[in-house]
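Everything on this sheet refers to the single structure shown next.
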Amino acid sequence: MTEATLPAEQRVRRPSDQRKAAEKLDKNEILDMYRKMVLIRRFEEKAAELYAQGKIGGFLHLYIGQEAVAVGSLAAKREDDHVITAYRDHGHALALGIDTGAVMAELLGKATGVSKGVGGSMHMADVSKHFWGGYAIVGGHLPLAVGLALAAKYREEDWCVLCYFGEGATNIGYFHEALNLASVWRLPVLWICENNRYGMGTAIERASAVDQVAKRAPAYNMPAMQGDGMNVLEVKAKTAEALEYVRSGQGPMLLEFFTYRFRGHSMGDPERYREPEEVARWREDDPIGRLQKLALDRGVARQKDFEQIDAAVEMEVAEAVRFAEESPDPTWEMIQQHVYVNP
Amino acid sequence: MPTITYREAVSQALWEEMERDERIFIMGEEVGVWGGTYAVTRGFLDHFGEKRVRDTPIAEGVIVGAAAGAAMAGLRPVAELMTINFALLAMDQIANHAAKLHAMFGGQITCPVVIRTVGGAGRQLAATHSQNLEVLFAHFPGLKVVAPATPYDAKGLLKAALRQEDPLLFIEHATLYPTRGEVPEGDYTVPIGKSEVKRRGRDVTIIAYSKMVLLALEAAQELAKEGIEAEVIDLRTLRPLDLEPVLESFKKTNRAVIAEEDWRSYGVGAEVAARIYEEAFDYLDAPIARVAQAEVPLPYNRELEQMALPKVADIVKAVKDMGW
Numbered sequence: 098m099t100e101a102t103l104p105a106e107q108r109v110r111r112p113s114d115q116r117k118a119a120e121k122l123d124k125n126e127i128l129d130m131y132r133k134m135v136l137i138r139r140f141e142e143k144a145a146e147l148y149a150q151g152k153i154g155g156f157l158h159l160y161i162g163q164e165a166v167a168v169g170s171l172a173a174k175r176e177d178d179h180v181i182t183a184y185r186d187h188g189h190a191l192a193l194g195i196d197t198g199a200v201m202a203e204l205l206g207k208a209t210g211v212s213k214g215v216g217g218s219m220h221m222a223d224v225s226k227h228f229w230g231g232y233a234i235v236g237g238h239l240p241l242a243v244g245l246a247l248a249a250k251y252r253e254e255d256w257c258v259l260c261y262f263g264e265g266a267t268n269i270g271y272f273h274e275a276l277n278l279a280s281v282w283r284l285p286v287l288w289i290c291e292n293n294r295y296g297m298g299t300a301i302e303r304a305s306a307v308d309q310v311a312k313r314a315p316a317y318n319m320p321a322m323q324g325d326g327m328n329v330l331e332v333k334a335k336t337a338e339a340l341e342y343v344r345s346g347q348g349p350m351l352l353e354f355f356t357y358r359f360r361g362h363s364m365g366d367p368e369r370y371r372e373p374e375e376v377a378r379w380r381e382d383d384p385i386g387r388l389q390k391l392a393l394d395r396g397v398a399r400q401k402d403f404e405q406i407d408a409a410v411e412m413e414v415a416e417a418v419r420f421a422e423e424s425p426d427p428t429w430e431m432i433q434q435h436v437y438v439n440p
Numbered sequence: 020m021p022t023i024t025y026r027e028a029v030s031q032a033l034w035e036e037m038e039r040d041e042r043i044f045i046m047g048e049e050v051g052v053w054g055g056t057y058a059v060t061r062g063f064l065d066h067f068g069e070k071r072v073r074d075t076p077i078a079e080g081v082i083v084g085a086a087a088g089a090a091m092a093g094l095r096p097v098a099e100l101m102t103i104n105f106a107l108l109a110m111d112q113i114a115n116h117a118a119k120l121h122a123m124f125g126g127q128i129t130c131p132v133v134i135r136t137v138g139g140a141g142r143q144l145a146a147t148h149s150q151n152l153e154v155l156f157a158h159f160p161g162l163k164v165v166a167p168a169t170p171y172d173a174k175g176l177l178k179a180a181l182r183q184e185d186p187l188l189f190i191e192h193a194t195l196y197p198t199r200g201e202v203p204e205g206d207y208t209v210p211i212g213k214s215e216v217k218r219r220g221r222d223v224t225i226i227a228y229s230k231m232v233l234l235a236l237e238a239a240q241e242l243a244k245e246g247i248e249a250e251v252i253d254l255r256t257l258r259p260l261d262l263e264p265v266l267e268s269f270k271k272t273n274r275a276v277i278a279e280e281d282w283r284s285y286g287v288g289a290e291v292a293a294r295i296y297e298e299a300f301d302y303l304d305a306p307i308a309r310v311a312q313a314e315v316p317l318p319y320n321r322e323l324e325q326m327a328l329p330k331v332a333d334i335v336k337a338v339k340d341m342g343w
């Protein structure tokens with residue numbers, strides 16, 4: 098069922114997958130995915146604005162361009178599956194349906210934020226939704242994912258862990274330690290690599306001995322699949338297939354989605370490492386535009402449907418900003434109270 | 020009261036807690052088939068099975084990280100790191116992850132992972148296998164660091180560690196395993212974060228932890244022969260650090276010696292001395308003395324190794340140098 102051996106070309110394109118996947122989709126599902134991707138896009142654009150105004154501090158890593166990966170893959174997860182990711186985490190939080198106001202409030206460092214204003218952009222979690230958060234030490238959350246999956250297996254429960262990371266995290270020792278142990282213990286982890294080609298400003302070819310992450314899977318006796326990360330339907334279909342395998346108890350699997358961030362690594366990125374033409378080429382592949390075009394071409398939805406969603410999302414983001422700005426700051430007592438559970 | 024070894028005390032604590040709580044399991048290098056490098060988990064695999072006694076690859080990052088992840092999800096893992104020297108390979112998981120999770124996510128996540136490891140010198144294992152690295156870990160708010168000296172404390176503290184909600188580093192001393200002490204039958208715990216007076220005395224306060232407590236008690240006996248009565252305080256937990264008994268004692272004796280096996284610079288003694296200066300300066304009759312390891316990577320050669328390590332005579336001398 099899986100593609101352990103890989104095609105030679107750098108970017109995998111399979112229009113047939115897209116058509117096949119689309120046939121199974123209904124209008125509501127397409128519109129929901131569209132809504133989530135547009136929500137992430139507008140949210141991130143607003144965040145960039147607020148960052149420029151000095152209302153958001155620290156580092157800000159935008160998810161613009163990669164929306165299809167979080168939205169498509171999380172659409173395939175079961176309610177009780179667990180999710181953990183790296184520091185580019187706003188998209189995952191929003192795709193999981195975590196309140197937009199709470200995510201925005203976290204960016205503004207407010208007490209109403211998902212992490213109470215203590216974590217900030219890079220550390221958003223909502224444990225009530227099995228979202229264990231964003232982690233800002235590259236690769237550091239991969240071992241945690243192993244442990245979460247161990248807990249599922251230990252309790253003989255059949256939920257899975259979806260662990261997201263960039264291709265830049267695959268050269269650190271954690272990747273090796275975590276994928277190896279997950280495989281030795283046959284743990285239910287779906288490793289989802291969002292290969293956006295650059296670890297900060299270093300292209301994958303300049304940092305990795307192999308230019309495709311999935312090529313590493315055989316070393317861990319683990320099946321792998323690759324997919325077009327700009328095609329939300331393909332992402333969902335492949336994630337569903339992979340989750341079925343992982344949930345069956347056969348062990349972990351590696352999924353690699355080829356994607357691209359349209360903006361810099363973070364807000365302070367001079368972008369000396371890539372040509373504007375390359376960015377422009379990828380922008381033609383915008384996951385939101387592609388889904389919209391497909392839906393219109395196939396008559397699954399009408400322009401009016403999208404316009405209604407666009408307007409509702411604008412309001413939702415504006416409301417999130419208003420909520421965040423009016424929210425109180427966390428108190429010093431709250432910070433002290435959370436150093437230890439049992440002081 | 021029965022007398023058992025430090026090794027047996029640690030082993031009993033683990034065994035009894037695993038019997039009590041199904042969520043507790045052990046993972047680490049050689050904990051299962053081998054029975055533990057220091058034989059602490061001998062017999063565990065046969066009794067508890069592979070699910071709860073898990074041999075791991077040699078990969079400290081994922082040993083601690085996976086244990087932390089399982090703890091986040093509600094289990095009670097005991098991650099064993101063969102020695103504290105290898106804990107440096109897991110430093111990021113300990114310091115950047117386990118220690119931070121509860122605070123950084125606004126109190127949503129708890130991570131009750133217990134990391135058992137072995138520190139200490141004196142077995143001719145040379146520079147990379149003989150270190151006392153406790154201060155590196157005691158530096159981090161969010162992590163608890165425990166270093167027991169006696170079988171009684173080892174058992175009671177480890178049981179307490181497995182009944183609380185915070186990440187905790189439990190440091191056993193390599194040369195203490197065969198030492199014996201009285202341990203009651205039946206269940207008991209020793210509170211984490213509480214120092215204890217191990218010997219009463221009026222003339223000088225000797226503050227120690229882990230193996231140095233035994234040396235401090237020996238030194239106190241020698242001093243007693245000359246009429247000097249030392250009070251010996253065992254810190255037991257390095258974070259959170261309980262200085263109440265230390266300050267109380269110091270206000271009575273007005274003199275303090277800190278005996279530590281780690282290097283003097285930036286060591287436990289530096290912290291304790293600073294705190295005494297800050298909180299009891301008016302009671303000071305003499306500068307606070309520190310007895311610690313010489314500032315060298317520890318040599319293999321037996322004589323040189325012994326030269327570098329703090330000894331009973333060093334503690335006795337430090338006390339006498341205060342004006343007896």
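The listed protein sequences correspond, in order, to chains Z and P. Residue numbers for the first sequence follow the numbering used here, beginning at 98 and rising by one. Residue numbers for the second sequence follow the numbering used here, beginning at 20 and rising by one. Where a beta carbon is used, it is the ideal one built from N, C-alpha and C, also for glycine.
* To do: Would you please verify whether the beta carbon of G206 of chain Z is less than 8 angstroms from any beta carbon of chain P?
  => For G206 of chain Z, the answer is no, since every Cβ of chain P falls outside 8 angstroms of its Cβ.
* Asked: Whose Cβ in chain Z lies nearer than 9 angstroms to the Cβ of G200 of chain P?
  -> Going along chain Z, no residue has its Cβ under 9 angstroms from G200 of chain P, so there is no contact; the nearest lies around 27 angstroms.
* When you compare only the Cα positions, how much space is there between Y261 of chain Z and H158 of chain P? -> If I take the Cα positions, the gap works out to 31 angstroms.
* Does DSSP put V276 of chain P in a helix, a strand or coil? -> DSSP places V276 of chain P in strand when its eight states are reduced to three.
* To do: Throw me the rounded Cβ distance for the A246 of chain Z and V258 of chain Z pair, which I believe falls under 8 angstroms.
  => Separation of the CB atoms of A246 of chain Z and V258 of chain Z is rounded to 4 angstroms, and the pair is thereby assigned contact status at 8 angstroms.
* Asked: Does any CB atom of chain P fall closer than 8 angstroms to the CB of W429 of chain Z?
  -> no
* **Length-filtered (4 minimum) alpha helix (DSSP H) runs lying within the segment 29 to 106 of chain P** => Residue ranges of uninterrupted alpha helix (DSSP H) with 4 or more members, entirely inside the segment 29 to 106 of chain P and ordered along the chain, are 63 to 67, 79 to 91.
* At least one CB of chain P closer than 8 angstroms to the CB of N292 of chain Z: is that the case? -> Not closer than 8 angstroms to any Cβ of chain P, the Cβ of N292 of chain Z fails to qualify, so no.
* Check each residue of the segment 262 to 282 of chain Z: if its Cβ is closer than 9 angstroms to any Cβ of chain P, include it; give the result in chain order. => G270, Y271, H273, E274, A275, N277, L278, A279, V281, W282
* To do: Go ahead and pull the three-state DSSP assignment for A119 of chain Z.
  => Unreliable placement is indicated for A119 of chain Z, whose pLDDT of 48 sits below 50; the coordinate value is still reported in the next sentence. DSSP places A119 of chain Z in helix when its eight states are reduced to three.
* Candidates P:A249, P:L317, P:D74, P:G286, of which the one nearest T272 of chain P by Cα -> P:A249
* Coil, strand or helix - R26 of chain P by DSSP -> helix
* Asked: Would you say S424 of chain Z reaches chain P, if we count a Cβ-Cβ gap shorter than 8 angstroms as a contact?
  -> no
* For the segment 86 to 110 of chain P, enumerate the residues whose C-beta is nearer than 8 angstroms to any C-beta of chain Z, in chain order. => A86, A87, G88, A89, A90, M91, A92, G93, L94, P96
* Asked: Which one of Z:D178, Z:A192, Z:R139, Z:L391 has the shortest CA to CA distance from D129 of chain Z?
  -> Z:A192
* Got a sec: is the Cβ-Cβ distance from E36 of chain P to anything in chain Z below 8 angstroms? -> Interface annotation, E36 of chain P: not in contact with chain Z, CB-CB separation never under 8 angstroms.
* To do: Counting only runs of 4+ residues fully inside the segment 269 to 296 of chain Z, write out the alpha helix (DSSP H) ranges in chain order.
  => 270 to 281
* Paired residues, beta bridge with R218 of chain P - DSSP -> P:V251
* If you draw a straight line from the alpha carbon of I211 of chain P to that of L303 of chain P, how long is it in whole angstroms? -> 29 angstroms
* Report back the beta-carbon spacing between G244 of chain Z and M91 of chain P to the nearest angstrom; my notes put them in contact at under 8 angstroms. => 7 angstroms
* Consult DSSP for T256 of chain P and reduce its assignment to one of helix, strand or coil. => strand
* Inspect the beta-carbon positions of V265 of chain P and E274 of chain Z and report whether they are closer than 8 angstroms. => no
* Could you name each continuous alpha helix (DSSP H) segment of 4 residues or more that falls completely within the segment 290 to 329 of chain P, going from the start of the chain to the end? => 321 to 327
* Asked: Near D407 of chain Z, which residues of its chain fall below 8 angstroms by C-beta distance, leaving aside the five closest residues on each side in sequence?
  -> V135
* Asked: CA-CA distance, N115 of chain P and E331 of chain Z?
  -> Taking the straight line joining both Cα atoms gives about 36 angstroms.
* Asked: How far does the alpha helix (DSSP H) with L155 of chain P in it reach, from first residue to last?
  -> Here the alpha helix (DSSP H) through L155 of chain P covers 153 to 157.
* For the segment 123 to 134 of chain P, which residues have a CB atom closer than 7 angstroms to at least one CB atom of chain Z, in sequence order? -> Residues M123, F124, G125, G126, Q127, I128, T129.
* **Pick from P:E290, P:E267, P:N320, P:A289 that is closest to A299 of chain P, judged by C-alpha positions** => P:E267
* What residues from chain Z crowd round G220 of chain P, counting only those whose CB sits closer than 7 angstroms? -> Under the 7 angstroms cutoff, chain Z gives no residues; its nearest Cβ is about 31 angstroms from G220 of chain P.
* To do: For H238 of chain Z, name the three-state secondary structure that DSSP assigns.
  => DSSP places H238 of chain Z in helix when its eight states are reduced to three.
* Using DSSP with H/G/I as helix, E/B as strand and the rest coil, what is T147 of chain P? -> Three-state result, T147 of chain P: helix.
* Taking a cut of 9 angstroms between CB atoms, which residues from the segment 51 to 85 of chain P lie near chain Z? -> K70, R71, R73, T75, P76, A78, E79, G80, V81, I82, V83, G84, A85
* Neighbour-count burial assignment, N151 of chain P, 16 or more Cβ in a 10 Å radius -> buried
* To do: Could you have a look at T299 of chain Z and say whether DSSP puts it in helix, strand or coil?
  => strand
* Given E263 of chain P, which residues of its chain have a CB within under 8 angstroms of its CB, disregarding the five upstream and five downstream residues? -> S214
* According to DSSP, is V166 of chain Z helix, strand or coil? -> helix
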